[in-house]
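Enquirer: Can you read through this structure? Questions will come right after.
Numbering (full-length UniProt numbering), first residue to last: 1 to 1241.
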């Protein structure tokens, strides 16, 4: 009866619910794979009805079971729209090729620059307002020799990061890439190429035959400078061929033969120059491919090479201007000379290396009659009294082979010298014998007073380290003032000539004996000191008061110097030769490892010799250093280093070089071979052929100083082109703006010795030359300004910001092309170096500015490189450099050999850029190792996973196309107000699905919780701090902050919001608010990381915004003024969260009980006012606040306890809740499922 009653009640009262449930069951899949009877068992068995309905409180309490498949349909899981490559590196390689193709085809950088320039000009309508927008990055030219390596990648990446950052900041950055092409490396390679053939005579004549027809007839003249074509790598037969042109011909009857030989020499140099130009063009081609494959942006169509006609004309006219104003002069002066380079060198081309050198202590007998000053006068009298005749000055030298050229000695005028006695001879020097531990010096006893000379046996107190007790005036220590030694005369130990002692501020009293031997032909200080004495003259002999070079350019002694040195090379000069020259005047010799000057390219020891060269008068060193004070130098330590190098310069800059590959000095004797108005095309070749002899070429550092002026001229041309394309007029003010805008120099530390100084010096002297050529009226006006105590002009350096970075090191050695382990592919090697057959290239083939068309030879080289361009990519050398294995635990899931074979790349460019930027390159070297790559790869994976998750959450789920294997289908966002449409076809190569535009207008501000506000604020803080770090060049700090932000975002915020994203409807206000925050965070991260990983960020951005040309069209994130600051309160809550999680990692099924204090007041605040769900924040089943806890945990911040909740876990939201029933669903999820399936019935 009871059963019937229950059944009746069920049928009559619950009939509607039954119908709904039956209908529901018939329209969905089998529940838990039960058969039909089991499905309807509830309705057949009344006991089950009672069990299911419980207390019969109404239809809202219906507890229905749902299977996993039904539940999963209601969960908003992130969509996997990332490219379906299993390996991050492989995906990166595919991405970069696609993105770079888009950048190249659409000329994105130039379009961005043009569009922004015109927009700013339209808004401001005044050119002067452009001043703060322009940023010029000077590209210190790499040398066009070989395929670049990771060291070049480091430098170019730093510049590219700055450029992209400037774009995102709304500026107009300009970088015009360039190459240094002149100089020894290329010429050396060409000479080596032709030295390998036995019949050099025949080859030369055949190769230069075509040149004779178009060559201007020269007036031949034999000149020793043609030794520049001789090279130590010549074969014996080839050497004979060259040397027969170099030997001086004394027989006047052979003039016709001589003239013919001179023509062939000239033609040979013309051929070498053309062949060097071909090699330079080939290597520029290869390096352009490499840098473009590295994702480097710049005005590549306007690049410069130092052999381009316009660049050479700028160099040559600058030299002429300096010469006309007297800043450049030609005189016989000591210069550094390299036997291997066959040329003089500048200070910047010399480095120090430790070599084993013969050093010697040499005595010089003093003429006692010249001892007329101070204590020396008394010493002379005492010596006469005692009959002592030998007073010797002891000098120490590291260039013993220059002793035959001795013309004087130098002492420190402020130094204290000591008197020593050995036997019946007296010696003057510093305190070396006293301090030295060498037993040799123990025989030299310091003289404490003149009275000690009375006895041949030294007093006991003198023997005690030469010290004397001060027992009155007679026993005071005997000191000889360096000033009193000035004017002493002595006899040189080789020829017996009498010379003088001079003052020298360059003498280091603590070095050697404190006395320096002077050979004016082979030392700078030596020359300046001796040349100041009017008795001395430079001559062609070494007699008396005449001086000359002791040896030739091959470092062989001239035969008339000394009979014992005939035919000897200075590098073979040894102690036996020294003893033969000096006899008993050789006091001591020893071989020591000391720092000596060497040629920085050939690494051979150099020597100093008298030679007639063109030199540039340098400004005062203090003026150059003062100009540095107007430059922001990073790091700070670089300023001191650069200051020291500049202050160490003690002579003018030698500009001339005896090489044939370079910009020629346009002077033959005093005749100038060109004018300022000369047509620029092929200017250097015309000057070279016009001369009667082989001209000197200019120092490459002087050439490279033209980069600043040339870059500004090219920038002016680019601006003109933009304005003309829009029918707008150009105004001269643009040039003034470009000259006055901020300029950046970013190079390695090695440029402290070269390019940094040349930029400063040449710029200063260019302004000086301009002043010297002004009219008298101008000078009168300047004088009036000076009288009124007004500055004549503001000191403006050629650049405003200088960044000096360290290098890439492999096994503690600087990475360089010469030390790279990988052997290049044969086809690539051939494309780089060519063959012995000359391929004539157009000098200005790639310079748009000059509008020259490519020739047949250029096309041939282009075809060669089209076949090998896939082999010229960043990372090509890494497998061999690191010698990595095919272990899957290594850098890639694929082994190095397999990956290299398939993609000719080991690492994707974004990973390499991460490696570079994750290193503090401003303070230490980048260590190239497997560990450094692994670390960068892990960071890249974190970034990829963050983007992957956020994009997956934001992507719409309706009408989804399948993910493309080659594209990132991430959707379109409308109303991208900062990115207008550029072209109709820029959507190519990007698949699109919809991410809705979640603007602030569609989100109620009240729906943003404290957690939303906090992480949005943190994202803006990341952008603000990153902006400052980018400015300082501290890219590693940007990545460090990004990594910390992503870690915090993942572990805290994404964990917190999962319930709202997955469980709530997408239309729910809370869900929309969270997606709005993620949308903002995504865009902030794209812009913050864009400069460092541009391929990934561009790919994501263009997938979201297919109608926008580029991510770099956007502006840097700016924090909204209305954004509520909850940093302090949420930060406090996160501190508590960290404390609890640290001690109790798995507490999601516990009740968190907190003892009331100030911290809990903050927690109540964020819960009530900022709507933060504390259960989700602390990952617990519940939070309770109590007045007092008997037993609790905590470290003073807060006292808490965790109590097992005994709750069950909801199988939909995965939270432990009190409302979870037998069907493992909480009330919220149960209601959601009921409503969902009611609507879909």
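Ideal Cβ placement from N, Cα and C applies to all residues, glycine included.
Taking only the alpha-carbon atoms, compute the straight-line gap between residue 806 and residue 925 and give it to the nearest angstrom.
Expert: For this step, residue 806 is matched to residue 806 along the chain shown. For this step, residue 925 is matched to residue 925 along the chain shown. The straight-line gap from Cα to Cα measures roughly 5 Å.
Enquirer: In three-state terms, what does DSSP make of residue 674?
Expert: Residue 674 sits at position 674 when you count from the first residue of the chain shown. Coil at residue 674, not helix or strand.
Enquirer: Classify residue 1239 as buried or exposed, calling it buried when 16 or more other Cβ atoms lie within 10 Å of its own Cβ.
Expert: The count along the chain shown starts at 1 and reaches residue 1239 at position 1239. Exposed, since its Cβ has fewer than 16 Cβ neighbours within 10 Å.
Enquirer: Could you name the residues that DSSP lists as bridge partners for residue 328?
Expert: Numbered from 1 along the chain shown, position 328 holds the residue referred to as residue 328. Among the bridge pairs identified by DSSP, residue 328 is matched with 616.
Enquirer: Could you tell me whether the segment 342 to 350 touches the segment 558 to 575, using the rule of 3 or more Cβ pairs below 8 Å?
Expert: no
Enquirer: Can you pull the DSSP bridge partners for residue 597?
Expert: By 1-based counting over the chain shown, the position of residue 597 is 597. In DSSP, residue 597 forms a bridge with 352.
Enquirer: Starting from residue 556, follow its DSSP beta bridges and name the residues at the other end.
Expert: Here residue 556 refers to the residue found at position 556 of the chain shown. Answer by DSSP bridge pairing, in chain order: 569.
Enquirer: State the Cα-Cα distance for the pair residue 300 and residue 177, rounded to the nearest angstrom.
Expert: For the purposes of this step, residue 300 is taken as the residue at position 300 of the chain shown. For the purposes of this step, residue 177 is taken as the residue at position 177 of the chain shown. So the two alpha carbons sit approximately 6 Å from each other.
Enquirer: CA-CA distance, residue 1168 and residue 1174?
Expert: Numbered from 1 along the chain shown, position 1168 holds the residue referred to as residue 1168. Numbered from 1 along the chain shown, position 1174 holds the residue referred to as residue 1174. Cα to Cα, residue 1168 sits roughly 10 Å from residue 1174.
Enquirer: Measuring straight from C-alpha to C-alpha, what distance separates residue 472 and residue 448?
Expert: For the purposes of this step, residue 472 is taken as residue 472 along the chain shown, with counting starting at 1. For the purposes of this step, residue 448 is taken as residue 448 along the chain shown, with counting starting at 1. Reliability fails at residue 472, whose pLDDT of 40 lies under 50, so the model's placement of it is uncertain and the value that follows must be treated cautiously. Their Cα atoms are separated by approximately 12 Å.
Enquirer: By the three-class DSSP mapping on this structure, what secondary structure does residue 429 have?
Expert: Taking the chain shown and counting its residues from 1, one reaches residue 429 at position 429. It is a strand residue.
Enquirer: Assign residue 129 to buried or exposed, taking buried as 16 or more other Cβ atoms, counted over all protein chains shown, within 10 Å of its Cβ.
Expert: On the chain shown, residue 129 is found 129 positions in, with the first residue counted as 1. With fewer than 16 Cβ atoms within 10 Å of its Cβ, residue 129 is classed as exposed.
Enquirer: Compute every distance between the C-beta of residue 620 and the non-hydrogen atoms of the ligand GDP, then say whether any falls below 7 Å.
Expert: The ligand GDP is not part of this structure, which contains no ligands at all.
Enquirer: For residue 698 versus residue 315, is the C-beta distance shorter than 8 Å?
Expert: For the purposes of this step, residue 698 is identified with residue 698 of the chain shown, where counting begins at 1. For the purposes of this step, residue 315 is identified with residue 315 of the chain shown, where counting begins at 1. Yes.
Enquirer: Can you find the residues in the same chain that come closer than 7 Å, C-beta to C-beta, to residue 1090, ignoring five residues on each side of it along the sequence?
Expert: As a first step, residue 1090 must be located in the chain shown, where it is residue number 1090. Same-chain partners within the cutoff: 164, 168, 1097, 1111, 1112.
Enquirer: DSSP state of residue 653, grouped into three classes?
Expert: For the purposes of this step, residue 653 is taken as the residue at position 653 of the chain shown. Residue state, collapsed to three classes: strand.
Enquirer: Just the Cα atoms here: how many angstroms apart are residue 680 and residue 304?
Expert: The residue labelled residue 680 in the question sits at position 680 within the chain shown. The residue labelled residue 304 in the question sits at position 304 within the chain shown. So the alpha carbons of these two residues sit roughly 15 Å apart.
Enquirer: With the cut-off set at 8 Å, would you say residue 1147 and residue 1180 are in Cβ contact?
Expert: What you label residue 1147 is simply residue 1147 of the chain shown in a count that begins at 1. What you label residue 1180 is simply residue 1180 of the chain shown in a count that begins at 1. In this structure, residue 1180 lies closer than 8 Å to residue 1147 by Cβ.
Enquirer: For residue 1014, does the three-state DSSP call read helix, strand or coil?
Expert: By 1-based counting over the chain shown, the position of residue 1014 is 1014. In this structure, residue 1014 counts as helix in the three-state DSSP scheme.
Enquirer: Would you kindly work out how many angstroms separate the C-alpha atoms of residue 468 and residue 597, rounded to a whole number?
Expert: The count along the chain shown starts at 1 and reaches residue 468 at position 468. The count along the chain shown starts at 1 and reaches residue 597 at position 597. Unreliable positioning characterises residue 468 in this predicted model, as indicated by a pLDDT of 39, which lies under 50. A coordinate reading is not provided.
Enquirer: Which residue spans inside the segment 1016 to 1088 form an unbroken alpha helix (DSSP H) run of at least 4?
Expert: Here the runs fully enclosed are 1035 to 1048, 1054 to 1063.
Enquirer: Exposed or buried, what is residue 23 when buried is set at 16 or more other beta-carbons lying within 10 Å of its beta-carbon?
Expert: As a working mapping, residue 23 is identified with position 23 in the chain shown. Only weak support is given to the placement of residue 23: the predicted model assigns it a pLDDT of 31, under 50, and the value that follows is read from those uncertain coordinates. Counting Cβ neighbours within 10 Å, residue 23 comes out exposed, since fewer than 16 surround it.
Enquirer: What are the residues that DSSP puts in a beta bridge with residue 605?
Expert: By 1-based counting over the chain shown, the position of residue 605 is 605. In the DSSP output, where bridge partners are listed per residue, residue 605 has 598.
Enquirer: Among residues of its own chain, excluding the 5 on either side of residue 68, which ones have a beta-carbon nearer than 8 Å to its beta-carbon?
Expert: Start at 1 with the first residue of the chain shown, and residue 68 comes out as number 68. Within the same chain, residue 68 has close Cβ partners 1211.
Enquirer: Are the beta-carbon atoms belonging to residue 306 and residue 694 less than 8 Å from one another?
Expert: Within the chain shown, numbered from 1, the residue matching residue 306 stands at position 306. Within the chain shown, numbered from 1, the residue matching residue 694 stands at position 694. No; because the gap between Cβ atoms is not below 8 Å, this pair is not in contact.
Enquirer: Kindly give me the distance between the Cβ atoms of residue 486 and residue 502, rounded to whole angstroms, as I take these residues to be in contact under 8 Å.
Expert: On the chain shown, residue 486 is found 486 positions in, with the first residue counted as 1. On the chain shown, residue 502 is found 502 positions in, with the first residue counted as 1. Taking C-beta atoms under 8 Å as the contact rule, residue 486 and residue 502 qualify, at a distance of about 7 Å.
Enquirer: Can you round the beta-carbon distance between residue 172 and residue 135 to whole angstroms, since I take them to be within the 8 Å contact cut?
Expert: In the chain shown, the residue the question calls residue 172 occupies position 172. In the chain shown, the residue the question calls residue 135 occupies position 135. The pair is a contact, with the Cβ atoms about 7 Å apart (cut-off 8 Å).
Enquirer: Between which two residues does the beta strand (DSSP E) containing residue 500 stretch?
Expert: The sequence position of residue 500 within the chain shown is 500, counting from 1. That run of the beta strand (DSSP E) goes 498 to 503.
Enquirer: Kindly indicate which residue of 354, 277, 152 has the alpha-carbon position closest to the one of residue 288.
Expert: Taking the first residue of the chain shown as 1, we reach residue 288 at position 288. Closest option to residue 288, Cα to Cα, is 152.
Enquirer: Can you tell which of 1104, 186, 336, 89 has its C-alpha closest to the C-alpha of residue 954?
Expert: As a working note, residue 954 is residue 954 in the chain shown. Out of 1104, 186, 336, 89, 1104 has the C-alpha closest to the C-alpha of residue 954.
Enquirer: Leaving out the 5 sequence neighbours to the left and right, which residues in its chain are closer than 8 Å to residue 1135 when beta-carbon positions are compared?
Expert: For the purposes of this step, residue 1135 is taken as residue 1135 along the chain shown, with counting starting at 1. For residue 1135, where only same-chain residues beyond five positions count, the Cβ hits under 8 Å are 1197.
Enquirer: Less than 8 Å between the beta carbons of residue 915 and residue 936, yes or no?
Expert: For the purposes of this step, residue 915 is taken as the residue at position 915 of the chain shown. For the purposes of this step, residue 936 is taken as the residue at position 936 of the chain shown. Cβ atoms of residue 915 and residue 936: closer than 8 Å.
Enquirer: Mind checking residue 663: buried by the 16 CB within 10 Å criterion, or exposed?
Expert: Reading the chain shown from its first residue, position 663 is the one you call residue 663. Its Cβ being crowded by 16 or more others within 10 Å, residue 663 is buried.
Enquirer: In chain order, what are the residue ranges of uninterrupted alpha helix (DSSP H) at least 4 long that sit wholly in the UniProt domain "Aminoacyl-tRNA synthetase class Ia" (100 to 202)?
Expert: 108 to 124, 150 to 168, 184 to 194
Enquirer: For the beta strand (DSSP E) that contains residue 390, what are its first and last residues?
Expert: Looking up residue 390 in the chain shown gives position 390. Run containing residue 390: 390 to 397, per the beta strand (DSSP E) assignment.
Enquirer: Taking Cβ positions, are residue 618 and residue 649 nearer each other than 8 Å?
Expert: Walking along the chain shown from the start, residue 618 turns up at place 618. Walking along the chain shown from the start, residue 649 turns up at place 649. Closer than 8 Å, so yes.
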